[in-house]
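Protein chains: 2
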Amino acid sequence: MMIVIATDTRQRMVRSAALLFREQGYSGTGFRDVIEHSGAPRGSIYHHFPGGKAELAAATAEWAGGVVERQIARAGRDGDPIAVLRGFVAGWREVLESSDFRAGCPIVAVAVESEAGPEAVAAAGHAFGRWQDLIAGTLRDAGVGRAEARRLATLVVAAIEGAIVLSRATRDLRPLRDVGRELEATLRAALPADDS
Amino acid sequence: MMIVIATDTRQRMVRSAALLFREQGYSGTGFRDVIEHSGAPRGSIYHHFPGGKAELAAATAEWAGGVVERQIARAGRDGDPIAVLRGFVAGWREVLESSDFRAGCPIVAVAVESEAGPEAVAAAGHAFGRWQDLIAGTLRDAGVGRAEARRLATLVVAAIEGAIVLSRATRDLRPLRDVGRELEATLRAALPADDS
DNA sequence: GTCTATACGAAGATAGAC
DNA sequence: GTCTATCTTCGTATAGAC
Chain L
1 MMIVIATDTR QRMVRSAALL FREQGYSGTG FRDVIEHSGA PRGSIYHHFP GGKAELAAAT
61 AEWAGGVVER QIARAGRDGD PIAVLRGFVA GWREVLESSD FRAGCPIVAV AVESEAGPEA
121 VAAAGHAFGR WQDLIAGTLR DAGVGRAEAR RLATLVVAAI EGAIVLSRAT RDLRPLRDVG
181 RELEATLRAA LPADDS
Chain H
1001 MMIVIATDTR QRMVRSAALL FREQGYSGTG FRDVIEHSGA PRGSIYHHFP GGKAELAAAT
1061 AEWAGGVVER QIARAGRDGD PIAVLRGFVA GWREVLESSD FRAGCPIVAV AVESEAGPEA
1121 VAAAGHAFGR WQDLIAGTLR DAGVGRAEAR RLATLVVAAI EGAIVLSRAT RDLRPLRDVG
1181 RELEATLRAA LPADDS
């Protein structure tokens, strides 16, 4: 657990960074952009982020990871893995549609640039791990074996993140839609038969 | 079909850009880096790429896409979709291992940065499409229906690209390995039973 | 917590000689 | 095809006042 002095300004900067990262990536986004987008005062950058841009990247990955994490947890309250999958896909479809395919996942943006620094990359890995844990938990609760649940959860996260990239590149929702459909079939096949 | 005046210098620059993009991304890689890495003469940048960095990005996505495409075609000569999948996974594992998890897919690097320009993003989308076409073709030849083959091919490309990102972020080959394993099971289940 | 000012290198891009 | 020189903007980061 990281202890962070939370302020409105810092929080707004992190949120803006997430929105900018998912379109322009880490290197493509400067403090200049973050300041403008968040309306934060210019002089407060290194007050809130003494570690500079690398610290901002780590905080952004952590925050964005938490947002998605809570979304997954909410969709999984009924214990239905298929509902979790559908909610996950729907959330990303909304990101693609509302941005005209310009935006993707901010965690991916951090993960694919080693320059963001080891802490930021680790925060991205931690976020992906938490998502997988939540999804695997729903699968286990639905009767899937532990090891298989883990592998399936990894497949779900990887396939959807990849589908987002494919959909952005082709400016077409088909990859995300088809991957969602195939994943749904895969999960159904792995779940114990329910004759009720 | 694009007509390009191919020269050694231009070719070396494109190759270097691909190697740099997969670690640092598009925005994180400057012409400076490309010149240094390729040993190309400084004054020849805008001779070979009148369109500037955006043209370099498009050429890089196209070239890297072709390299992987030929690799897929080679692995598919025997008509075995499982062999194609394994070759695909093995190729990316080598990239991750040999770079200590610093390198990923250069096409993804271009696809996730809108700043690279529409032509470059389209080139990335075209590359992904070609890979899917080849994989879908192998599946159809093995007896899978047209629509299902297409969806499965999309799943394979998306899941593996996503797994590369997850493996980079966690500095662990497990995501790529587990996704490869699950995809293999999925393909086997989709192929017509073979009792020979 | 926020300000201005500033350092200093690097970015992409262009011009014109050779 | 390649060179050097140069333009302009932007990048991160720091110093020190308020």
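For the record, the sequence lines run as chains L and H.
Just so we're aligned: 161 in this note's numbering is position 161 of the first sequence, and the numbers increase by one with no gaps anywhere.
Position in the second sequence counted from 1, then plus 1000, gives you this note's numbering.
Note that the Cβ used here is the ideal one computed from N, Cα and C, for glycine as well.
- Message: Measuring only the C-alpha atoms, how far is Arg1070 of chain H from Val1110 of chain H?
- Response: 20 Å
- In chain order, what residues of the same chain have a beta carbon less than 6 Å from the beta carbon of His1048 of chain H, not counting five sequence neighbours either side? Arg1010
- Query: Quick one, which of H:Leu1191, H:Leu1176 and H:Met1013 has its alpha-carbon nearest Phe1101 of chain H's?
  - Reply: H:Leu1176
- Status (buried if at least 16 other CB within 10 Å, exposed otherwise) for Arg1042 of chain H: exposed
- What alpha helix (DSSP H) runs, 4 residues minimum, are completely inside the region 1078-1158 of chain H? 1081-1098, 1106-1111 and 1118-1141
- Item | Residues that Leu173 of chain L contacts on chain H, provided the C-beta gap is smaller than 7 Å | Going along chain H, no residue has its Cβ under 7 Å from Leu173 of chain L, so there is no contact; the nearest lies around 12 Å.
- Item | Residues near Ile3 of chain L by beta carbon distance below 6 Å, same chain, minus five either side | Only weak support exists for where Ile3 of chain L lies, its pLDDT of 49 falling under 50; the value from the coordinates is given anyway. Exclusion of the five residues before and after Ile3 of chain L leaves no residue of its chain whose Cβ lies closer than 6 Å to its Cβ.
- Pair within 9 Å by beta-carbon distance, Phe1128 of chain H and Ala169 of chain L: yes
- Message: Is it buried or exposed, Gly1117 of chain H, if we count other Cβ atoms within 10 angstroms and call 16 or more buried?
- Response: Buried is the call here.
- Residue-chain proximity (Ser16 of chain L, chain H), Cβ-Cβ < 9 Å: no
- Message: Output needed for Ile1072 of chain H: all residues of its chain with C-beta closer than 7 Å, excluding positions within five of it in sequence on either side, in chain order.
- Response: Answer for Ile1072 of chain H: Val1084, Phe1088, Trp1131, Leu1134 and Ile1135, listed in chain order.
- Task: Measure the C-alpha to C-alpha separation of Ala1190 of chain H and Leu1166 of chain H and round it to an integer number of angstroms.
- Result: 26 Å
- Taking contact to mean at least 3 C-beta pairs separated by less than 8 Å, is the region 143-158 of chain L in contact with the region 1178-1188 of chain H? yes
- Message: Please state the DSSP three-state secondary structure of Pro175 of chain L.
- Response: If DSSP states are grouped into helix, strand and coil, Pro175 of chain L belongs with the helices.
- Message: Contact criterion: CB-CB distance below 9 Å. Does Ser1044 of chain H meet it with respect to chain L?
- Response: no
- First and last residue of the uninterrupted alpha helix (DSSP H) at Ala21 of chain L: The sequence given here places Phe at residue 21 of chain L; Ala does not occur at that position. Note, Phe21 of chain L: alpha helix (DSSP H), Asp8 to Gln24.
- Task: Just the chain H side, please: which residues come within less than 7 Å of Ala111 of chain L by C-beta, in chain order?
- Result: Val1165, Arg1168 and Ala1169
- Item | Cβ of Glu1182 of chain H within 9 Å of any chain L Cβ | yes
- Task: Could you list which residues in chain L have their beta carbon closer than 7 Å to that of Ala1159 of chain H, in chain order?
- Result: Neighbours of Ala1159 of chain H on chain L, chain order: Leu155, Ala158, Ala159 and Gly162.
- Nearest chain H C-beta to Arg102 of chain L closer than 9 Å, yes or no? At least one CB of chain H lies nearer than 9 Å to the CB of Arg102 of chain L.
- State the CB to CB distance for the pair Ser1027 of chain H and Ser27 of chain L, rounded to an integer number of angstroms; the pair is presumed to be in contact (CB under 8 Å). Cβ atoms of Ser1027 of chain H and Ser27 of chain L come within 8 Å of each other, at about 4 Å.
- For Ala23 of chain L, return the contacting residues in chain H, with the cut-off set at a CB-CB distance below 7 Å. Looking at the sequence provided, one finds Glu at residue 23 of chain L rather than Ala. Here the neighbours are Ser1114.
- Could you check the C-alpha separation between His37 of chain L and Ser44 of chain L for me, to the nearest Å? The alpha-carbon atoms of His37 of chain L and Ser44 of chain L are separated by roughly 14 Å.
- Starting from the C-beta of Ala58 of chain L, find all residues in its chain whose C-beta is less than 6 Å away, skip the five residues before and the five after it, and write them out in chain order. Glu119, Ala120 and Ala123
- Under 9 Å between C-beta atoms, does Ala968 of chain H make it to chain L? Chain H is shown from 1001 up to 1196; residue 968 of chain H falls before or after that span and cannot be answered.
- chain H beta carbons: is any one of them nearer than 9 Å to that of Leu152 of chain L? yes
- Query: Is any heavy atom of the ligand ADP found at a distance shorter than 8 Å from the C-beta of Glu119 of chain L?
  - Reply: This structure lacks the ligand ADP; in fact it carries no ligand of any kind.
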